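Participant:
Residue numbers (the working numbering), protein chains in the order written: chain A, 1 to 266; chain B, 267 to 385.
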């Protein structure tokens, strides 16, 4: 009596072995699910191929040979582990990169931007006359209006530029790592929330009183806050539109016959 | 159960080049890619067919490939296509491969050592 396992039992064992090997190597669940889904598809194709070869003699389909063609579970799991380890930190940790990252980086980047703008404004506003003096030229007569205008422009930039720039960075990172729109939009949403909460109030300086710049949380938000939040969201939506447009442009007819004929022709 | 042993050379950078080159021609799903490799190399490369998927997933995570679920042959498949970053990677990999192949060819012909070449 033949005690060899049935093809279905053998296939199930092969699959269980693979799952065990993948888990043992701590491959992320999303990667495991995707790999198993594609291997199942591949197995179906191999079965169809074998059935075609055997010309209707379905009983002659040797399932173990299809499993053998896919490879030993340990070997596939090793390949999955090796390829996963080749990825950089940002590609391996989407939650850290696109959720925790923006939560921590946006305030820090904003403070850095404000400090940078402050230094630039101070250099331009206060140091220009000294530079001119060193060069032997007549210092320009900067009026209060001009100086206030410069600070106003800097404050206006503060409301939009750092948030738009950060949203662009996260979208670019998502695109580079093939993460798609979910990661990009989640990062942009976090950036937008920070941008929408920012309140900046400026009091112009005059001959009689010094200037004042106050920053805080906008509760309740005003129209300008909504506009601030709209910038990073617009960057995210632009990324989404560009991604979908490039995918539409890349779509090609898909049949195995055309693929093989094209490869053979080349 | 007999199993197909993976050719170790296939796992050392060669699959990446092969996959990028074939996907540069058109979008394909896993089984199609394996068939295309077989057709393009006249079956000279032996490898566990399941081992191409981790390479595809890594290339996708690196942004070299984009995948999309599509209806192909009555089933929904994950079809891979080369991205702009993938085209750049392919160009670099091609150049690197040709350089290595040329260097090895030189060694095999004894060209790197003047004495051997003359002899």
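Positions of the beta carbon are idealized from the N, C-alpha and C atoms, including for glycine. All of these numbers come straight from a predicted model, not from anything done at the bench.
(1) At a CB-CB cut-off below 7 Å, which residues of chain B make contact with residue 226/A?
(2) Establish whether the CB of residue 236/A and some CB of chain B are separated by less than 9 Å.
(3) Going straight from the alpha carbon of residue 238/A to that of residue 191/A, what length do you get?
(4) Note down the Cα distance separating residue 206/A from residue 176/A, rounded to an integer number of angstroms.
(5) Can you pull the chain B residues whose beta carbon is under 9 Å from the beta carbon of residue 168/A, in chain order?
(6) Which residue from 45/A, 157/A and 76/A puts its Cα closest to that of residue 322/B?
(7) Going by the DSSP bridge assignment, what does residue 295/B pair with across the sheet?
(8) Kindly identify the DSSP beta-bridge partner or partners of residue 201/A.
(9) Over what stretch of residues does the beta strand (DSSP E) that includes residue 335/B continue unbroken?
(10) Look up residue 135/A in the DSSP assignment and say whether it is helix, strand or coil.
(11) Just how far apart, CA to CA, sit residue 41/A and residue 88/A?
(12) State yes or no: is the beta carbon of residue 181/A nearer than 9 Å to at least one beta carbon in chain B?
(13) Please state the DSSP three-state secondary structure of residue 266/A.
(14) CA-CA distance, residue 174/A and residue 103/A?
(15) According to DSSP, simplified to helix, strand and coil, what is residue 177/A?
(16) Put residue 209/A into one of helix, strand or coil per three-state DSSP.
(17) Can you tell me which of 80/A, 172/A and 52/A puts its alpha carbon nearest to the alpha carbon of residue 20/A?
(18) Along the region 23–43 of chain A, where does the CB come closer than 7 Å to a CB of chain B? Name the residues.
(19) Cα-Cα, which of 44/A, 39/A and 97/A is closest to residue 318/B?
(20) If contact is defined by three or more beta carbon pairs under 8 Å, each pair taking one atom from either stretch, is the region 353–361 of chain B in contact with the region 293–301 of chain B?
(21) Would you kindly work out how many angstroms separate the C-alpha atoms of residue 343/B and residue 295/B, rounded to a whole number?
(22) Does residue 117/A come within less than 9 Å of chain B when only Cβ atoms are used?
(23) Using 8 Å as the cut-off, can you tell me whether the region 91–108 of chain A makes contact with the region 334–342 of chain B, which would need three or more C-beta pairs spanning the two stretches below that distance?
(24) Quick one, which residues of the region 320–335 of chain B are near chain A if we go by CB-CB under 9 Å, in chain order?
Facilitator: In this structure, then:
(1) Position 226 of the first chain, counted from the start, is the residue given in the question as residue 226/A. Those do not exist, as residue 226/A stays about 33 Å from chain B at its closest Cβ, beyond 7 Å.
(2) Numbered from 1 along the first chain, position 236 holds the residue referred to as residue 236/A. Not closer than 9 Å to any Cβ of chain B, the Cβ of residue 236/A fails to qualify, so no.
(3) Residue numbering aside, residue 238/A sits at position 238 when the first chain is read from its first letter. Residue numbering aside, residue 191/A sits at position 191 when the first chain is read from its first letter. The straight-line gap from Cα to Cα measures roughly 15 Å.
(4) As a first step, residue 206/A is located in the first chain; it is residue number 206 there, counting from the start. As a first step, residue 176/A is located in the first chain; it is residue number 176 there, counting from the start. Each residue's alpha carbon lies about 49 Å from the other.
(5) By one-based count along the first chain, residue 168/A stands at place 168. Chain B residues near residue 168/A: none, gap ~16 Å exceeds 9 Å.
(6) As a working note, residue 322/B is residue 56 in the second chain. With distances taken between Cα atoms, residue 322/B lies closest to 76/A.
(7) By 1-based counting over the second chain, the position of residue 295/B is 29. Looking at the DSSP assignment, residue 295/B forms a beta bridge with 345/B.
(8) By 1-based counting over the first chain, the position of residue 201/A is 201. Answer is 214/A, bridged to residue 201/A.
(9) Stepping through the second chain from its first residue, residue 335/B is reached at position 69. Per DSSP, residue 335/B belongs to the beta strand (DSSP E) from 331–338.
(10) Translated into the one-based positions of the first chain, residue 135/A becomes position 135. Residue 135/A falls in the coil class under three-state DSSP.
(11) Locating residue 41/A in the first chain gives position 41, counting from the first residue. Locating residue 88/A in the first chain gives position 88, counting from the first residue. Their backbone Cα atoms lie some 29 Å apart in a straight line.
(12) Along the first chain, one-based indexing puts residue 181/A at 181. No, its Cβ sits nowhere closer than 9 Å to a Cβ of chain B.
(13) Looking up residue 266/A in the first chain gives position 266. Unreliable placement is indicated for residue 266/A, whose pLDDT of 40 sits below 50; the coordinate value is still reported in the next sentence. Here residue 266/A sits in coil by DSSP.
(14) As a working mapping, residue 174/A is identified with position 174 in the first chain. As a working mapping, residue 103/A is identified with position 103 in the first chain. About 16 Å.
(15) Indexing the first chain from 1 puts residue 177/A at position 177. Reduced to three states, the DSSP call for residue 177/A is coil.
(16) Here the question's residue 209/A lines up with position 209 in the first chain. Coil at residue 209/A, not helix or strand.
(17) Position 20 of the first chain, counted from the start, is the residue given in the question as residue 20/A. Closest option to residue 20/A, Cα to Cα, is 80/A.
(18) 31, 34, 35, 38, 39, 41 and 42
(19) If you number the second chain from 1, residue 318/B lands on position 52. With respect to the C-alpha of residue 318/B, the residue from 44/A, 39/A and 97/A having the closest C-alpha is 39/A.
(20) no
(21) Within the second chain, the letter at position 77 stands for residue 343/B. Within the second chain, the letter at position 29 stands for residue 295/B. Whole-angstrom Cα-Cα distance: 6 Å.
(22) Position 117 of the first chain, counted from the first residue, corresponds to residue 117/A. For residue 117/A, the answer is no, since every Cβ of chain B falls outside 9 Å of its Cβ.
(23) Because the criterion of three Cβ pairs below 8 Å is not met, the region 91–108 of chain A and the region 334–342 of chain B do not touch.
(24) 320, 321, 322, 323, 324, 325, 326, 327, 328, 329, 330, 331, 332, 333 and 334
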